[in-house]
Structure formats: structure tokens, C-alpha cells
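Visitor: Protein chains in written order, with the working numbering: chain A, 1 to 507; chain B, 508 to 607; chain C, 608 to 1319.
Attaching a single structure in C-alpha cells format; questions to follow.
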Amino acid sequence: MEFVLPALILVPLIGAIITLFMGGSRQKYACTVALVFTVATLLLSLILMITNVNDLSKFDVNYGWINAAGLKMSIILTVDGLSLLMVFLTAMLEVLVIAFSYKESDRPNYFYALLLAIEVGLMGVYLSADYFLFYIMWEVSLIPMYFLISWYGGPRRHYSAIKFFIYTHVASLVMLIGIFSMVFESAYLAGSGTIDFSFAFVKQWMPGADSVFQILVFAMLFFGFAVKMPAVPFHTWLPDAHVEAPTAGSVLLAGVMLKMGSYGIIRVCIEALPGALGSWQYIVIAIGIISMIYGAYACIAQRDLKKMVAYSSISHMGLVMVAMGAAMGGVASGDANLVKMGIEFAIFQMFAHGLISGMLFLVCGTAGHNFGTREIPLMGGIASKVPVYAAFMMFCFMASLGLPGLIGFWGEFGIICAFYDWTLAKDMIYLLVFCLLSLLLTAGYYLWAMQRTLFGRITTKIDVAHMHDVDRVEAVVLGVLAFAIAIYGFWPDLAISYISGYAGGLI
Amino acid sequence: MIPIEYYLTFAAILFAIGAYGVMAKPNTLIVLMCTELMLNAANINFVAFSAFTGDVYGQVMVIMTISVAAAEVAVGIAILLNAYKVRKSTNADDLTSMRW
Amino acid sequence: MIMQYSWLIPLIPVLCFTIVGFLGSKMGKKTHYGGYLVILGTAASFILSLLVTLEYTGFIGAGNYYPDAYEEHIDWFTVGNFTLTFGFYIDILACLMMLFASFISTMIFTYSLGYMGGYEDEYQLKRQRRYFAEVALFLTGMLGLAVSSTLLEMFIFWEIMGLCSYLLIGFWSFNHPEGDDKADNAASAAKKAFLVTRMGDVCLMGGLFILFFAMNGHLEYTYVFNVDNLAAAYSANPGLMTLASLLVFGGVIGKSAQFPLLDWLPDAMAGPTTVSALIHAATMVKAGVYLVARAYPLFLLDPNVMLVVAVIGGVTAFFAATMAMNNMNIKKVLAYSTLSQLGYMFLSLGAGGYLMASAISVEGGGIVIENIAEFTAGALGYSAGCLHMVNHAFFKALLFLCSGSVIHANGTEDMRLMGGLHKKMPKTSITMLIGCLSIAGFPFFAGFFSKDLVLDVVFELFEGNINNTELIFALLWFLGIVTAFMTAFYMFRLWFMTFMGEYRGHHCHGESPASMTVPLMILSIFAFAAGFIVVFGWEHVFTFSQVGAVANGDAISYFLVGGAGKVFEISLDPVLELFKTWKTYVTIVLVLVAIILAYLMYAKKTINPGRFNKNGKSALYRTISNRYYFPELYNQLSWKLGYDVARGVEFFDRQVIDGTVNGLSSAVVGGGDLMSKAQDGNLHTYASVVVGGIVFLFVIVLVLFGQFGGLF
């Protein structure tokens, strides 16, 4: 079964190359070809999903790559409870966004090639177990997104694309320095001549490093990941990028690319730097709480539907941050239950937010395509004109505001559980108020937005006569996501069972 | 035997003349020739060290340098010719359009 | 036998929801676009609930489960090392809830066939379908709440009800037949309802988190409400458990619209009248009462929590009743009266609980009852609260449906445009009269029994002199009596204004169709007779084993107030008991006076109502008309704390954070511009810089070597 993981990266890569050359008269088939390759990737990821989560190591591969001048970089691919759901989410969202954007007519071959190239990078990030490969893949996912925004985006696309690129690139360079310091320090501690970039090597030696060193390295890595998540105050690239990006780009950006940040924090910061966690837990939790409240408040003031949803992503990723902070506290104090809870639900919330924000951005994008505007004040009473759209919008808003019985609630529930446990240990129960406040604010801005867009008097500011409801393909795509949100919401164990083992084994 | 300092001093003087020419002469043809001077100053050093240490690699290097210098001069003069065709001048002060 | 299939009770409505919601368009007019299916499903749920109840109490089937609870569960998922479960839990309280919820729903859905009718165009058909799908989903929430076996599961159903309440209040929020203003109104009312209840819900959630950890990762009723576990947790950290109870009660305040979160319910009347009857009178708002009754052992730990419950109940009963006094909207009067009656329920539960809580002492090992007489007296408060909950469900559903019938016929909700309808719609008029008598507490009607039991319990505390709170309870009792008077007055004001005197409206269709009047008649029977349940030994039906295993020793066994085998033992004593005390006669007299006063003011018109309020110009009248300025306050608060802060955050985001980022990038670009000036294009400059640079570096190297003997 060793072919699966390389294939997960290679299939979209081949797909990207093939679609890229489908210009001219062949471009009308570009979507179909891209769809074939993404579906193939999805099927491959399903092989992983149906495997017993304890047997995942049979997929591991390890090829030598660069082994010169004392440097050892390898192509190590592996999958575990942390990355499995992310891989699945990536594969699924790719299929859905390509199907959703079947109407793309402006240089479609490039469009789909870029989407597939993003998938290559994302899969690489989630699968690689070598810091060098990890870093390269990290950058690979970044560049196609830059082009996607700057070629297919809205009116201010160049500004947003540059902002996105510079922000995340600076962050990833800082991260690279962190990676180098970790790797060199590990080699020094190991006393070996070769500097091995593999996760396993670093994880073996790094916990033994001086704790001040670990704290400093944590800072660099954390900065790199926090910008990607994004955490306040490094977040301003996100609303701009989302507003300008095409719908498909927004979905991937919010659905899976933001998860790279939190994935990195768990995979690198928490796994490899246990000595730094005790000091960093407070800062991480503080940033998480600030992101939650700040993002929620910023949502209330937004006029653009998509921008509102972008800020809500910041708010919800703040929850993930809080969960990771709680888990860090657990690692520092040796509380296995807290670690398990925190990590389990950080990952669950990443998955949940991937599905929900994917749907949210599809819905907002549809507003842009089908009604010609995403401005909340311009809409009103459109539920009577586009009932199916209204139902989908209401559904994903409800899922995002954490309606029990849908997937979003369980992420919030578990995370606040972990956070409460953390505050209990630190004797700061009053901090729970912030979490509860953010839940209230979240309900507030979603309901207010719905009231102003779907309900009330029918708008006269836009042309309601030519408004059209979601078409068949869009409805199917949204329906699939809605189904996933509902089914995982009813039976969260479907996702949690993949994570528990990993989360429990962390301490 | 002539002490090595003599060679080195000579090469340094040659190099200084070349550097002065590059920095001060307006005519690009002279500038080009002055670069040759500097290169040859380096060549003299190579040869001198080679002779004094008995290491033949220094002389190999000199031949290498000479051939590179020949190529460089060919390219340089070609550029100058073209520049002259366009600008009707080979004066370095006139050829400043490649600035910011 | 049937017990094991109790999970079907909430499942049937959710199936109906799925079918009607997704396939309703295929069902066609003959099935009323799914309406029949939903009614059938609801009836099936009712029959199943009835069978389960009968089996639980030992009338059918082999075993007699009463008074122990019947519980089944499966593992759901894990949170860290804690496993959460999902299951159902049947005890007498759950039976009661699902019985009346499914029965009243059957009635109201049948009524809806007539009320929601109108199939003129495609859009109305869709609306019809949406209505039935949404109410079916609502019923899932309600029945699921009744049978759920853990607090978390209960919370899910609790929120599903909240969602359906939101959807149904906003039912007319677009394409309103009466114009855009009404649509705006409905949209804003729906949002308000959801947000205000959400405020309570986050409190409840906070309470759940505290309980979850205090109870070592358990939220099952069998564990959480087990007196031993409660006592252990309380001894470990009393403050935390009190906080948890108060937070749980916060959720109750939101859901049952108690003071100070009472403002959403009157606005919620923007929904269809059937929805008001079902959700905002008979069932959903009762979920709060149910939760307090369910979590009674938790609340009992600290008498002060019970005091809070009682005070909030009493205050809400009084305030809401005052607001009903001068309202002209028939539905709003009923909404305020719902608030007021819910207040009675909490008053009863709180007062009874206070008695019980004072009679016990909580120690590490368990709970010890120190004063059995007090404890038993307190249990009466529990029974009275639950009885009032059931009675109120019947008569309030009836009253709302009657008002719906009136609105249906007149096309208006304003009582000033009604009057004299008794002749035009006699069936509605008579059934509504029964409802009014019942809610007013006219002797032998349902409301009479429960209301007087409630007041009895409160009076007990007034006399009892427990923990020096007699003044508070004296005040609460007085408020209760005054509220009884006001209730009788405003209900009969409503009835006389609507059905007596001259017709003041424009047009009346006459009596409603049979699909509407038949449910009214059935409900009116219950509104009259439901109170007689006390002669079947109601007071002793509730036992506390339902909330935990009967563990060690005698102390716990006193929790079994009635004890097994006492179910449905017919005895007239409680009724006779009621007529032996002078307090009953006080309330009867007050009710009669109120009815006569209403008659004189609104039917015979010998007293002009205007003389009491300077023709609507007195300060009190205006304050009440403006609902004590609560909506104003909430508006201001939400704008100030919500929108204004949000604007500040947005400004900070744009100007400070983004400003810094943009400033940084302009600095880089500007710096680059500045530096590029050095590239003047002159060959000589470049050459000089190169040479100069080399010389400079050379000098540095030399100096470093000279100084330190090396670069590093």
C-alpha cells in the first residue's frame, strides 16, 4: 500500500500539468479533467479513511533525497490521526470547489491547474514528515494561491494578492529560521555529523534542548504558524485576500489553508518543543481569546458578506488556538486528559471549520455570482426570491454559530471543555466568560446578517427580477457539505475516532 | 633572484593605474583597456607566486584568465560598438540611461 | 415491552420533517402538502407516549417501573477520557411532558389545517409545506427534550427548539401578506427571540461545563442527579455547584422568558397564532420549568438558589400581569399572561424547593433530611408547579387557538376592532370562556387547583419563619394574590372586549371551520377537567427516585415522598383540604371581584376605564404600555455593546493594524526609492564605489586581524 501517499501528491500534480496545457479549443474539457484527477485523489484519501487508524503506518514511505555536505533531507511521507482528517478534507473540498466553479470561462485551464497545484502543496504539507519537504510544500501551496487571487480576483486583487503573499512569505521565512535552528540544534545534541531534517530526528533530540532555546525557537515557529491561522494581530491579510479571491480560492483558503497554521503548531510546536509549552500556554490562550472576541466583533461591523465570513474564520480559528493553548498547559503540567481533550477538539474544530467555512464561502460566493452583490445593506427579503439559497445560507450560518446537532457545536463544546479544565487547574474560571461571550456575539452577527439579507422587506437596491437561485450543480455541492455537517454533527465520533489515538499518544 | 616584493609592487602599481583609469577616464574604450591592466596585474601576481612556490596551478590560472579576458574584451567592444551606433558616443558620462 | 422503543417518540416527528421538508412538493394538495402526514406522525407519537406511560406506571406490560426511572443509553463519543452517552430516560416527569406535548401538538396541527389554509398560489403552497416541516422539527425537539437521558442531549433538543422557534416566529418574515412592515417586524422579532434565549443558553452551557467537570465527566441524569454524587460534589466545592445551578437557571430564564429576559416573548407573537399557541405558550417555554423540575436535586443543594427561583418567578408573574392589563392586542395579552403564569410555576417550584432545601443538610457522605414535615410540605410545591405547567398548557393552548380563530375570522389582532363576536362565532366564544375561567382560577376549573396549591406553598413559607425569609415570601404571596386578581381581570377584559358589546370591526367571516373548532372543544374539556388530576393523588405522584438511584439508608428514602404503589390512588382529600383554608376563599373572592369589574368596565360599560389612567396619559399607563422600557433598554444595550464596539474594532483593524502593515510596506518601498537614487547610471560612480568598497573591507579585515588575530 505504499503507493497511496506519493500518489496523493502526484495525482494532483499530474492533473495540474495536464490541465495547464489544455488551452485553446481543449479548454472546455479542462474542468472535467481536473475533476477526474481530484476525484481520483479523493478516492485515494478514502483508502486511508477506511483503514483502521492504528494501521496507518503501513502507508509510510521514506525515500532518500539529498544527502550531501552533512545535510540529510528525505522524502518521508506519513499519515496519522492528525493529518488524516485534513487530507480527507482537502481532497473533498477540492472536488467540490472544482465542481462548483464549472462555469469558469476565463482561461479555465490555468484556473483548474492552479487549484490542483494548491492541492499538491496542501497534501504535501499534511503528509510530509521531513522539515525540508514540509517547508517546500508550504511554499508550493502559497504560490498558486497568489496567482489565483491576482489573476481571478476582484477589483483590488493585486493589492490583496501581494499582501497575502508577503505576509505569509515573511511568516514562512521566520518559520524556516526556526526550523533550521531546531534541526541544527538537534544535530548538535545528537552529536552526529549529519544534519537530519526528518521529524523523527528532531522530535527525538529537541525535547532535550535547553528550555530557553526551546522558548525562542517556539517564538519563531509560532509566528510563522500564527500568521497563517491567522491570529490577531497578524490577521489583516485574510479579509482582504478573501474578499478579492475567487470563490474557489476562498473556500480552499479558509477551508484548508488556514488549517496549515494550526496543523503546524500541533505538529511542530507541541510535538517537538515540549519544554517551551509551559511558558507559552498563557500567550497562546490570550491570543486565542483575543482572536475570538476581536474577530466576532469585527464581523458585526462588516458590510460585505464575504468579509464577515472571513472575520468569523478568525474568530473560529481563535477557538482552535485556545484549545491548543489548553493542551499546551496539559503537556506542561502532565495532565493527560487535558492534552487529549485539547488536541482532540482542536483537530475536530479544524475539520468542522473546514466544512463549515467551505460552505459559508460557497454561499457568499454564490451571492456574488447570482445576485451581483455581496453587500449586506443592498440585500433584504431575498428569501422569497431564492428559497433554496436562503435555506442553504441559513443552514451554514446556523452550523457556524454552533447550533447543537451540527458539527460546529461539538468543536466549540469540546474546546470550551478543555479550556474550562485548563482554567480550573489555573484557578481562573472567570475566563470562561470570554468564550461564552464569543458564542453570543457569533449568534448576534449571523442572525443580524440573516435578518438584513434574507428577511424583511424585499430590496429595491438590486435587480431582484434577474436574481436566480442556485443551479443544480451548486445545489449538489452545497448539499454534500450540508450533509457532511449534519452527519458529523449528529455522530461526532465518526471524526473523533480518528483523532483520539493520536491525541492520547501525545503525552 | 629578484625578490617577490618587486613583482608584487609592480603588479600593485599596474593595478592602481588600471583602477584609476576605470574610475576617472570618460572614454569607455580606455576604461576597457584599464580593466585589462588590472587583470594583467592579477596575472603577474599569479605567475610570481607560481614561480616562487613552484606550484604550476598559478600559471594554469593565468592562461584561464587571459582567455576569459579575451572573451570579455570581445563582448565589451561589441557592446561599445552598439552603444556608439545608438548614441553616437562612447563617453561613459553619456551612457547613463540604465539608472533607476 | 414498549419502553425499549421510547426513542421512536422523538424519531417519528423528525422523519415527518425529513419527508415533508424534502419531498413535500411531491405530495400534492390531497395530503395538504404533508399536513396530514405530520398530524398522523404526531398522533403516533402521542399514542406511543401513552403506551409508554401506561407501561411505566404498570397498567400494561409485565413490570411496574414506577417510581424508578427506566434508562437506556449507548456510547456517543469521547471528550478526552470522558465518554458521553446518548439515550432515553423515562420517569413520571418525562411521561408527563411527552404526553401533554404530543397531545396538544396533535390538536394544534389539526387546527393548523384550517388556520394555515389558503392554496391560491404556488407560494402559499410552499409556505404551507414549510410550516408543517418546521413544526414537525419543533416537536422532535420537544419530545427529545422530554425523553433525553443526559443534560447534553437535553441541551441539543433545547437548542433545536430554539431554532424552530426562530424559524417559526420569522415565518412571515418575508413576503408577508400584510406588507413589508410586518415582515420587518417578524424578522426582527425572530432575531430577538433567538438572541435573548441564546443569552440564557450560553449561561446554561457554562453551567453544563461546570457540572461536567464537577461530576467527573458525567452528564447523565442517573449520575448527575444522584444525591450521593451531588453531595460529594457540593462538599468538594459548594460555591462552584451554586454557580452551576444559577447558570443553569440562567438558561431557564432565557427559555421561559422570565425577568429580566422576558422581553422576547411578546415580540414573538409576530409568528402565526398556532405557533404562539404551541411553542410560546404550551410547550417550548415550559422547557424551562421542566429543566428546573428535572434539576431539582441540584437546585436543592443551596436554598439561596431556590430563593432566586422563587423571587424571579414571583416578580415575573406580577410584572407580566401588569403589562397585560392595558394591551389592546389580543395575542400580546395572552403572551403576557403566559409570562405571568410561567412566573407562578417558578414561584411554586422555588418556594417548595426552598422549604425542602431548608429541611435538609448536605454533607460529604450524602444528604440528610432534618425536618420531614417541612420537606414533605415543600414537595407539594414541586407537584403544584408541575400541575400548573400541565394545566397551563391546556388552557393557554386553548386560549391562543381561540384567539387564532377570532383573528382568522376578523383579520385583525386589535381588540378595539372586535366586540360582539359571541353571536357570530359561538363555539369559539364558549370555548374561550372556559379557557378564561380556567386561567382566572374559577372554582373547579383546572387553573383553580394549581394556582391555589401554588399560593398555599408560598404561604407556608410566610408562616414558616424559615431562615428569616418570611418577609420575602410574604411579599411573594401578596404578589401572587394580586396577580391572581389581575389575571382574572385582564382575561375577562379580553373576553368581554372580544365577544360582548357592539361589533366594532369591518368584516367578520363568522365561525371557523370544523378542523379548527373541534380541537378547541377537545382542549376546552381538558382546560376544565385537567385540575381534577389532584383527586387521583397527583400530589404524591412525583418522587425523587426519578433523579437518582435510591441508595443507602433512610435519609434518601424520604426523598420518596409518596412511595411506590401510590400512583393514581383516588382521594378527595386534597380538594377538601383546599376548601378548608381561608386563603382559598380570599382568592375566589378576588377573582369574582375582578370578573365583575371587567364586566362593568368592558361589557356593561358603566365604569369608564379611562378614569383610572387619565385616559391613557398617566405616567404608569405609559410606562406599562412601553413595557417598562425594557425593549428600549435592550436596544440601547445591544447597539452600544454590540454595534458601537464593533465599529471601534473595525476602525482599529483598518487604521491601526492595517495602518501599521501598510505603513511598514510603504516604508520599505520608500526606502527602496531613496536607495535607488544611488544608481545614477554613471559607470565611474559604480567603479569608484566598487573600489572604495573593496578598500574599505580590506581595511576592516586588516584592523580586525591586527586587533584580535582573526575574524571570529
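Glycine residues also receive a C-beta, built at the ideal position from the N, C-alpha and C atoms.
Everything numeric in this text was worked out from a predicted model, so none of it was measured.
(1) If I follow the unbroken beta strand (DSSP E) through methionine 73(A), where does it start and stop?
(2) Return no unless some Cβ of chain A is closer than 8 Å to the Cβ of isoleucine 1163(C).
(3) Cα separation between methionine 515(A) and lysine 228(A)?
(4) For lysine 1030(C), is the beta carbon positioned less than 7 Å from some heavy atom of the ligand NAD?
(5) Around the Cβ of proline 510(B), are there at least 16 other Cβ atoms within 10 angstroms (buried) or fewer (exposed)?
(6) Kindly indicate which residue of Ala821(C), Pro845(C), His1015(C) and Phe764(C) has the alpha-carbon position closest to the one of proline 879(C).
(7) Looking at the secondary structure, which residues open and close the beta strand (DSSP E) in which leucine 436(A) lies?
(8) If you count every other CB in all the chains shown that lies within 10 Å of the CB of asparagine 1159(C), and 16 or more means buried, which is it?
(9) Just to confirm my understanding: we take methionine 761(C), look at its own chain, exclude 5 residues before and 5 after, and list those with CB closer than 6 Å. What are they?
(10) Relative to chain C, which residues along the stretch 555-570 of chain B have a C-beta separation below 8 Å, given in chain order?
(11) What does DSSP give as the partner residue(s) for tyrosine 677(C) in the beta ladder?
(12) Which term fits threonine 516(B), buried or exposed, when burial requires 16 or more other beta carbons within 10 angstroms of its beta carbon?
(13) Can the beta-carbon of valine 97(A) be found less than 8 Å from the beta-carbon of leucine 319(A)?
(14) Return the chain-ordered list of same chain residues with a C-beta closer than 6 Å to the C-beta of phenylalanine 1092(C), the five sequence neighbours on each side being excluded.
(15) Just to check my reading of the structure: phenylalanine 1103(C) and tyrosine 1206(C) have Cβ atoms closer than 8 Å, yes? What is that Cβ distance to the nearest angstrom?
(16) Using beta carbons (cut-off 8 Å, strictly below), is cysteine 417(A) in contact with chain C?
(17) Can you give me, in chain order, the residues of the stretch 522-555 of chain B that have a beta carbon less than 9 Å from any beta carbon in chain C?
(18) For alanine 599(B), which residues in chain C fall below 8 Å Cβ to Cβ?
(19) Between serine 631(B) and chain C, is the shortest Cβ-Cβ distance under 8 Å, so that the two count as touching?
(20) Kindly indicate which three-state DSSP category leucine 1167(C) falls into: helix, strand or coil?
(21) Which residues bound the alpha helix (DSSP H) around alanine 352(A)?
(22) Leaving out five residues before and five after alanine 519(B) in sequence, what residues of the same chain have Cβ atoms less than 8 Å from its Cβ?
(23) Could you work out which residues of chain C lie near aspartate 493(A), taking near to mean beta carbons separated by less than 9 Å?
(24) Start and end of the alpha helix (DSSP H) containing tryptophan 1084(C)?
(25) Tell me the rounded alpha-carbon separation between alanine 590(B) and valine 538(B).
(26) Please identify the residue among Leu1127(C), Asp1280(C), Val1013(C) and Arg1100(C) whose C-alpha is closest to the C-alpha of alanine 1210(C).
(27) Buried or exposed for glycine 1278(C), please, with buried defined as at least 16 other CB atoms from any protein chain shown within 10 angstroms of its CB.
(28) From which residue to which residue does the beta strand (DSSP E) around tyrosine 63(A) run?
(29) Per DSSP, aspartate 130(A) forms a beta bridge with which residues?
(30) With 8 Å set as the bound, which would you pick, yes or no: does the beta-carbon of alanine 367(A) sit closer than that to a beta-carbon of chain C?
(31) Which residue's Cα is closest to the Cα of valine 140(A): Ser160(A), Arg457(A), Ser101(A) and Phe165(A)?
(32) Closer than 7 Å by C-beta to valine 183(A): which residues in its own chain qualify, once you throw out the five before and the five after it? Chain order, please.
(33) Nearest to arginine 1234(C) by CA position, among Ala1137(C), Ala928(C) and Leu657(C), is which residue?
(34) Can you check DSSP and say which residues form a bridge with glutamate 375(A)?
(35) So, is the C-beta of serine 795(C) closer than 8 Å to a C-beta in chain A?
(36) At what residue ranges does the stretch 773-854 of chain C contain a whole run of the alpha helix (DSSP H), taking only runs of 4 or more?
Guide: This is what the structure gives:
(1) It spans 71-77 - the beta strand (DSSP E) in which methionine 73(A) sits, taken as one unbroken run.
(2) Confidence in isoleucine 1163(C) is poor, its pLDDT being 36 and thus under 50, which makes the residue's placement unreliable; the coordinate value appears in the next sentence. False, the Cβ-Cβ gap to chain A never drops below 8 Å.
(3) The structure shown does not extend to residue 515(A), since chain A is modelled only from 1 through 507, so no value can be given for it.
(4) For the ligand NAD, the structure offers nothing, since it holds no ligand at all.
(5) Classification for proline 510(B): exposed.
(6) Looking at the Cα atoms, His1015(C) is the closest of the given residues.
(7) Segment 432-453 is the alpha helix (DSSP H) holding leucine 436(A); no beta strand (DSSP E) there.
(8) Reliability fails at asparagine 1159(C), whose pLDDT of 32 lies under 50, so the model's placement of it is uncertain and the value that follows must be treated cautiously. It is exposed - the Cβ of asparagine 1159(C) has fewer than 16 other Cβ atoms within 10 Å.
(9) For methionine 761(C), where only same-chain residues beyond five positions count, the Cβ hits under 6 Å are Leu752 and Ser755.
(10) Flagged: no residues at all.
(11) Answer by DSSP bridge pairing, in chain order: Ile697(C).
(12) If you draw a 10 Å sphere on the C-beta of threonine 516(B), you find fewer than 16 other C-beta atoms in it, and that means exposed.
(13) No, these two residues do not count as a Cβ contact at 8 Å.
(14) Only Leu1197 and Ala1201 meet the Cβ criterion.
(15) Contact between phenylalanine 1103(C) and tyrosine 1206(C) holds: CB atoms are separated by about 6 Å, below the 8 Å threshold.
(16) Cysteine 417(A) counts as touching chain C.
(17) Here the close residues are Ala526, Val529, Met530, Ala531, Lys532, Pro533, Thr535 and Val538.
(18) The contacting residues are Asn1289, Leu1290 and His1291.
(19) A question about residue 631(B) goes unanswered here, because the residues of chain B that appear run from 508 up to 607.
(20) Below a pLDDT of 50, predicted positions are generally treated as unreliable, and leucine 1167(C), at 38, falls in that range; the measurement from the model is reported next regardless. Looking at leucine 1167(C) - three-state DSSP - the assignment turns out to be coil, as it is neither helix nor strand.
(21) Start and end: 336-371.
(22) Residues Ala548 of the same chain have their beta carbon placed closer than 8 Å to that of alanine 519(B), with the five preceding and five following residues left out of the count.
(23) Residues of chain C whose Cβ lies closer than 9 Å to the Cβ of aspartate 493(A) are, in chain order, Asp682, Trp683, Phe684 and Thr685.
(24) Taken as a continuous stretch (DSSP letters only), the alpha helix (DSSP H) holding tryptophan 1084(C) covers 1077-1106.
(25) Their backbone Cα atoms lie some 15 Å apart in a straight line.
(26) Nearest C-alpha to alanine 1210(C): Arg1100(C).
(27) In this structure glycine 1278(C) is exposed. Its beta-carbon is surrounded by fewer than 16 other beta-carbon atoms within 10 angstroms.
(28) Its beta strand (DSSP E) spans residues 61-68.
(29) Bridge partners of aspartate 130(A) according to DSSP: Ser198(A).
(30) No, no contact with chain C.
(31) The residue with the shortest Cα to Cα distance from valine 140(A) is Phe165(A).
(32) Once the five neighbours on either side are set aside, the close Cβ partners of valine 183(A) are Tyr131, Ile195, Phe197 and Val202.
(33) The candidate whose alpha carbon is nearest that of arginine 1234(C) is Ala928(C).
(34) DSSP, once it has assigned bridges, lists Asp304(A) as partnering glutamate 375(A).
(35) Yes, serine 795(C) counts as interfacial toward chain A.
(36) Contiguous alpha helix (DSSP H) elements confined to the stretch 773-854 of chain C occur at 787-821, 828-831 and 834-843, taking only those with 4 or more residues.
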